[in-house]
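*Asks:*
Number of protein chains: 2
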Amino acid sequence: MASIHDVAKEAGVSVATVSKVINNYPDVSDKTRKKVSQTIKDLKYHPNVAARGLVKGRSWTVGVFVTSPFTNPFVTELLEGIKTALQNSGYDLVLLSTRFDDDSYSFVEHCLSRNVDGVVGFGVDRDDPHLEELLKSDIPTMFVDADIRGPRAGYITTENKAGTMQAVAHLAELGHSRIAFISGELDNAVGALRHEGYLEGMKTHKLNVPESYVKVSDYSMEGGTVAMNELMELKERPTAVVCTSDMMAIGAISVIHRSGLSVPEDISVVGFDNTYYSEIFSPALTTINQNIRSIGSHAIETLITMIENTDFLPPVVTEPSNLVVRCTTAKPGGAKS
Amino acid sequence: MASIHDVAKEAGVSVATVSKVINNYPDVSDKTRKKVSQTIKDLKYHPNVAARGLVKGRSWTVGVFVTSPFTNPFVTELLEGIKTALQNSGYDLVLLSTRFDDDSYSFVEHCLSRNVDGVVGFGVDRDDPHLEELLKSDIPTMFVDADIRGPRAGYITTENKAGTMQAVAHLAELGHSRIAFISGELDNAVGALRHEGYLEGMKTHKLNVPESYVKVSDYSMEGGTVAMNELMELKERPTAVVCTSDMMAIGAISVIHRSGLSVPEDISVVGFDNTYYSEIFSPALTTINQNIRSIGSHAIETLITMIENTDFLPPVVTEPSNLVVRCTTAKPGGAKS
DNA sequence: CTGAAAGCGCTTACAG
DNA sequence: CTGAAAGCGCTTACAG
Numbered sequence: 001m002a003s004i005h006d007v008a009k010e011a012g013v014s015v016a017t018v019s020k021v022i023n024n025y026p027d028v029s030d031k032t033r034k035k036v037s038q039t040i041k042d043l044k045y046h047p048n049v050a051a052r053g054l055v056k057g058r059s060w061t062v063g064v065f066v067t068s069p070f071t072n073p074f075v076t077e078l079l080e081g082i083k084t085a086l087q088n089s090g091y092d093l094v095l096l097s098t099r100f101d102d103d104s105y106s107f108v109e110h111c112l113s114r115n116v117d118g119v120v121g122f123g124v125d126r127d128d129p130h131l132e133e134l135l136k137s138d139i140p141t142m143f144v145d146a147d148i149r150g151p152r153a154g155y156i157t158t159e160n161k162a163g164t165m166q167a168v169a170h171l172a173e174l175g176h177s178r179i180a181f182i183s184g185e186l187d188n189a190v191g192a193l194r195h196e197g198y199l200e201g202m203k204t205h206k207l208n209v210p211e212s213y214v215k216v217s218d219y220s221m222e223g224g225t226v227a228m229n230e231l232m233e234l235k236e237r238p239t240a241v242v243c244t245s246d247m248m249a250i251g252a253i254s255v256i257h258r259s260g261l262s263v264p265e266d267i268s269v270v271g272f273d274n275t276y277y278s279e280i281f282s283p284a285l286t287t288i289n290q291n292i293r294s295i296g297s298h299a300i301e302t303l304i305t306m307i308e309n310t311d312f313l314p315p316v317v318t319e320p321s322n323l324v325v326r327c328t329t330a331k332p333g334g335a336k337s
Numbered sequence: 001m002a003s004i005h006d007v008a009k010e011a012g013v014s015v016a017t018v019s020k021v022i023n024n025y026p027d028v029s030d031k032t033r034k035k036v037s038q039t040i041k042d043l044k045y046h047p048n049v050a051a052r053g054l055v056k057g058r059s060w061t062v063g064v065f066v067t068s069p070f071t072n073p074f075v076t077e078l079l080e081g082i083k084t085a086l087q088n089s090g091y092d093l094v095l096l097s098t099r100f101d102d103d104s105y106s107f108v109e110h111c112l113s114r115n116v117d118g119v120v121g122f123g124v125d126r127d128d129p130h131l132e133e134l135l136k137s138d139i140p141t142m143f144v145d146a147d148i149r150g151p152r153a154g155y156i157t158t159e160n161k162a163g164t165m166q167a168v169a170h171l172a173e174l175g176h177s178r179i180a181f182i183s184g185e186l187d188n189a190v191g192a193l194r195h196e197g198y199l200e201g202m203k204t205h206k207l208n209v210p211e212s213y214v215k216v217s218d219y220s221m222e223g224g225t226v227a228m229n230e231l232m233e234l235k236e237r238p239t240a241v242v243c244t245s246d247m248m249a250i251g252a253i254s255v256i257h258r259s260g261l262s263v264p265e266d267i268s269v270v271g272f273d274n275t276y277y278s279e280i281f282s283p284a285l286t287t288i289n290q291n292i293r294s295i296g297s298h299a300i301e302t303l304i305t306m307i308e309n310t311d312f313l314p315p316v317v318t319e320p321s322n323l324v325v326r327c328t329t330a331k332p333g334g335a336k337s
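Residue numbers (full-length UniProt numbering), protein chains in the order written: chain A, 1 to 337; chain B, 1 to 337.
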């Protein structure tokens with residue numbers, strides 16, 4: 001490929017001048033600028049990003065820190081949002097090939113040797129061994145759905161509490177009183193806030209919450225399966241369940257079906273996320289919508305602002321949520337009505 | 001971050017020597033090697049990849065060329081396989097932020113300016129405007145599920161014909177004779193081979209193929225919906241349908257359900273891909289399994305071989321396929337039996 | 001407005 | 001076995 005020297009020679013100027021027109025510096029005469037621009041086109045010259053990065057100390061690259069698999073639909077849609085925001089930003093996404101099984105592996109050092117300008121993290125555990133090091137480094141970072149902050153790290157999340165309250169309200173208004181809650185871990189912001197939303201919703205509607213109605217599990221389909229199995233054992237079985245992910249809801253529904261009952265006739269189920277699959281799953285899921293793509297886009301936009309303004313304080317961004325009613329919720333005993 | 005100069009000074013050697021131990025050159029005394037290695041650890045030194053890449057003319061980076069959205073489960077699982085293969089390879093994946101809407105955008109030039117060592121492409125159309133340029137460049141490329149070849153480009157795919165024949169055989173053995181085929185475009189290898197498999201399977205079982213039984217559509221859920229709607233109009237409605245993607249199958253099933261019929265009681269449906277969702281969809285899909293993750297891994301492994309051996313001819317790799325029978329196929333009229 | 005020169009952090013002949 | 005020097009393709013004070 002043509003280098004800046006080739007362009008300089010061809011255009012009859014110095015490499016410094018070529019560099020100036022590439023970078024849109026004002027102190028270049030119109031005539032020179034035109035000639036150089038033309039030569040750049042003729043030679044199909046494109047600056048070598050590595051060389052530029054070497055002197056500027058950056059890479060126009062955003063690294064991703066992810067532990068959950070891509071088959072997770074939340075992750076998938078997030079990536080779509082991220083991709084969109086990156087589109088005309090000048091930044092590319094690099095998927096650091098992490099060897100999390102290797103003890104001596106350091107995610108931060110990987111970022112440093114790749115000169116990554118910023119990191120977007122999701123599916124990150126509070127106690128991830130790489131987290132502390134990342135927060136201590138001064139690599140700008142935006143986390144999604146995790147309330148992790150640092151001098152250079154902010155996060156973006158959804159109105160978790162309000163969304164969950166809406167789901168409870170919806171069920172209560174349908175006439176349910178035995179409403180259970182299948183949740184991910186409670187010891188982080190997302191889990192805690194959804195739990196709060198559930199409790200407050202129940203309280204608002206003066207509904208009783210037996211201890212056995214709150215099941216903590218993980219966000220996968222298997223998590224929903226395990227939790228729902230326990231709920232089915234109860235003598236006072238719930239007539240409705242609020243889950244904190246769509247996958248959990250799908251798992252719960254499969255348990256209900258397997259035991260010969262129907263959704264929503266016998267038990268109503270609400271999911272969380274409104275992923276693509278909540279719509280194509282049969283029956284289509286009633287679920288709490290988060291704007292996943294827009295969360296992904298905002299994460300990137302915010303990150304880029306942080307990268308380009310050292311003094312921009314890492315923000316906490318909250319996106320709205322709302323309930324989407326589809327086919328998995330109905331009045332209690334709907335089958336017979 | 002510490003540079004090679006810091007290490008050299010601290011260890012009391014030249015940068016050339018440090019470079020030699022980093023790169024495991026043999027001509028370094030044991031004593032020196034030890035001291036330098038220790039200093040590297042002490043200083044937490046990690047080579048700057050951009051600088052190294054600048055002199056070596058490469059980046060230890062693989063670019064991805066993808067036009068289909070990540071929400072496509074085939075793409076998603078492929079990425080998982082790719083991620084796994086990349087794990088200890090020393091290469092990172094870079095998602096080039098493509099601006100395919102911008103006419104002056106050139107994917108190849110983007111690759112060149114990022115110094116990408118190779119490209120893995122999927123969801124690529126034969127007539128993609130960027131394709132010709134990519135094939136002409138000498139960037140090593142592996143395509144997935146597209147029979148695109150070039151001097152430096154090979155591809156990997158599945159036993160498309162054999163897999164489809166198995167599906168037809170399964171249905172024929174169940175007693176079906178009116179078997180329709182919902183396919184993606186026929187003018188590429190994947191589509192053509194599956195079509196051949198269908199025709200040959202039908203012939204083997206001496207089954208008739210009315211022209212109206214072959215519906216060409218696109219691989220999405222919508223594609224399946226449109227095609228199935230047309231099949232439902234037929235006076236001689238098929239009792240079984242082979243689809244060339246799971247998403248198409250899911251779309252077809254939703255149409256069948258909406259018209260008040262049941263799967264598999266009234267109409268049997270077979271998918272293709274055996275994606276994660278074929279299992280959690282209800283009813284669970286009978287589908288032709290392709291080893292998507294292993295396809296992703298092999299694509300990367302092959303690509304790396306191509307990158308590191310200039311004379312390694314771009315291969316064509318074919319992975320096995322097999323039918324996975326689940327709940328969407330049964331004897332014709334199964335409902336009444 | 002233009003260009004010579006130093007430098008970013010590496011690798012690689014080459015000389016010793 | 002070791003190191004001085006040139007060079008990869010850029011940018012940036014700085015001098016003119």
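No residue lacks a Cβ here, since even glycine has one placed at the ideal position from N, Cα and C.
Enumerated in chain order, which unbroken segments of the beta strand (DSSP E) with a length of 3 residues or greater are wholly contained in the stretch 101-176 of chain B?
*Replies:* DSSP runs (the beta strand (DSSP E)) wholly in the stretch 101-176 of chain B: 118-122, 141-144 and 153-158.
*Asks:* Keeping to the same chain, check which residues put their C-beta closer than 6 Å to that of V36 (chain A); ignore five residues upstream and five downstream.
*Replies:* Cβ within range, chain order: A11, V18 and V21.
*Asks:* With 7 Å set as the bound, which would you pick, yes or no: does the beta-carbon of E109 (chain A) sit closer than that to a beta-carbon of chain B?
*Replies:* So yes, E109 (chain A) belongs to the interface.
*Asks:* Closer than 7 Å by beta-carbon distance: list the chain B residues that pair up with D147 (chain A), in chain order.
*Replies:* Chain B residues near D147 (chain A): none, gap ~26 Å exceeds 7 Å.
*Asks:* Hey, is E159 (chain B)'s beta-carbon within less than 7 Å of any beta-carbon in chain A?
*Replies:* Chain A contact via Cβ: absent.
*Asks:* Go ahead and pull the three-state DSSP assignment for I182 (chain A).
*Replies:* Strand at I182 (chain A).
*Asks:* With a Cβ-Cβ cutoff of 7 Å, do I182 (chain A) and L171 (chain A) count as a contact?
*Replies:* Contact flag unset, no.
*Asks:* Rank B:T76, B:R293, B:L261 and B:V28 by C-alpha distance to the C-alpha of T328 (chain B) and give the top, closest one.
*Replies:* Ranking the options by Cα distance to T328 (chain B), first place goes to B:L261.
*Asks:* What does E77 (chain B) touch in chain A if you count any residue whose Cβ is under 7 Å from its own?
*Replies:* Near E77 (chain B) (Cβ distances below 7 Å), the residues of chain A are T71.
*Asks:* My understanding is that V324 (chain B) touches N291 (chain B), with C-beta atoms under 8 Å, so please give their C-beta distance in whole angstroms.
*Replies:* About 12 Å separates the two Cβ atoms, so there is no contact after all.
*Asks:* Go ahead and label E211 (chain A) buried or exposed: buried means 16 or more other beta carbons lie within 10 angstroms of its beta carbon, across all protein chains shown.
*Replies:* Exposed, because fewer than 16 other Cβ atoms sit within 10 Å of the Cβ of E211 (chain A).
*Asks:* From the beta carbon of M1 (chain B), is the nearest beta carbon of chain A less than 7 Å away?
*Replies:* It does; some Cβ of chain A falls within 7 Å.
*Asks:* Buried or exposed: K336 (chain A), going by 16 or more other Cβ atoms within 10 Å of its Cβ?
*Replies:* Below a pLDDT of 50, predicted positions are generally treated as unreliable, and K336 (chain A), at 38, falls in that range; no measurement from the model is reported.
*Asks:* Using a Cβ-Cβ cutoff of less than 7 Å, which residues in the same chain neighbour L93 (chain B) once the five nearest sequence positions on both sides are dropped?
*Replies:* So the qualifying residues of the chain are V62, V64, I82 and L86.
*Asks:* Which residues mark the beginning and the end of the beta strand (DSSP E) in which residue 339 (chain A) is found?
*Replies:* Coverage of chain A is limited to positions 1 through 337, which leaves residue 339 (chain A) absent and any answer about it impossible.
*Asks:* So, does the CB of Q87 (chain A) fall closer than 7 Å to a CB anywhere in chain B?
*Replies:* Closer than 7 Å: yes.
*Asks:* When DSSP labels each residue in this structure, what does T305 (chain A) get in the three-state scheme?
*Replies:* In the structure shown, T305 (chain A) sits in a helix (DSSP, three-state: H, G or I).
*Asks:* Evaluate K161 (chain B) with the Cβ neighbour count: other Cβ atoms within 10 Å of its Cβ, from every protein chain shown; 16 or more gives buried, anything less gives exposed.
*Replies:* By the 10 Å Cβ count, K161 (chain B) comes out buried.
*Asks:* Note down the Cα distance separating G251 (chain B) from H257 (chain B), rounded to an integer number of angstroms.
*Replies:* Near 10 Å, if we compare the C-alpha coordinates of H257 (chain B) and G251 (chain B).
*Asks:* When you compare only the Cα positions, how much space is there between L193 (chain B) and V214 (chain B)?
*Replies:* If I take the Cα positions, the gap works out to 14 Å.
*Asks:* With a threshold of 7 Å between beta carbons, is K336 (chain B) in contact with chain A?
*Replies:* For K336 (chain B), the pLDDT reaches just 38, beneath the cut-off of 50, and the residue's location in the model is therefore unreliable, although a value from the coordinates is still provided. For K336 (chain B), the answer is no, since every Cβ of chain A falls outside 7 Å of its Cβ.
*Asks:* What does the alpha-carbon distance come out to for the pair S14 (chain A) and A2 (chain A)?
*Replies:* Cα-Cα distance, rounded: 15 Å.
*Asks:* So is H46 (chain A) in contact with chain B if we call contact Cβ pairs under 7 Å?
*Replies:* Cβ-Cβ to chain B under 7 Å: yes for H46 (chain A).
*Asks:* Counting only Cβ pairs nearer than 9 Å, list the residues of chain A close to V94 (chain B).
*Replies:* Simply T61, D92, L93, V94 and L95.
*Asks:* Using only CA atoms, which one of B:F74, B:L96, B:D127 and B:A153 lies nearest to N88 (chain A)?
*Replies:* Nearest of B:F74, B:L96, B:D127 and B:A153 to N88 (chain A), Cα basis: B:L96.
*Asks:* Could you check the C-alpha separation between V119 (chain A) and V75 (chain A) for me, to the nearest Å?
*Replies:* Cα to Cα, the separation comes out at about 15 Å.
*Asks:* By the three-class DSSP mapping on this structure, what secondary structure does D6 (chain A) have?
*Replies:* Here D6 (chain A) sits in helix by DSSP.
*Asks:* Using a Cβ cut-off of 7 Å (strictly closer), state whether N229 (chain B) contacts chain A.
*Replies:* Not closer than 7 Å to any Cβ of chain A, the Cβ of N229 (chain B) fails to qualify, so no.
*Asks:* What does E80 (chain B) touch in chain A if you count any residue whose Cβ is under 8 Å from its own?
*Replies:* What E80 (chain B) touches in chain A: P69, F70 and T71.
*Asks:* Using a Cβ-Cβ cut-off of 7 Å, state whether L323 (chain B) counts as contacting chain A.
*Replies:* Answer no: the Cβ-Cβ gap between L323 (chain B) and chain A never drops below 7 Å.
*Asks:* So, for Y91 (chain A): in the same chain, excluding its five sequence neighbours on each side, which residues have a beta-carbon less than 6 Å away from its beta-carbon?
*Replies:* These residues qualify, in order along the chain: W60 and V62.
*Asks:* For a test of the three-state rule: what should DSSP assign to I295 (chain B), helix, strand or coil?
*Replies:* It is helical.
*Asks:* Look at the alpha carbon of N274 (chain A) and the alpha carbon of S294 (chain B), and state the distance between them as a whole number of angstroms.
*Replies:* Roughly 30 Å separates the two Cα atoms.
*Asks:* Any beta carbon of chain B sitting closer than 7 Å to that of I280 (chain A)?
*Replies:* Yes, contact with chain B.
*Asks:* Need the endpoints of the alpha helix (DSSP H) that L86 (chain B) sits in, please.
*Replies:* Taken as a continuous stretch (DSSP letters only), the alpha helix (DSSP H) holding L86 (chain B) covers P73 to L86.
*Asks:* By the 10 Å Cβ neighbour count, where 16 or more other Cβ atoms means buried, how is P73 (chain A) classified, buried or exposed?
*Replies:* Per the 10 Å Cβ criterion, buried.
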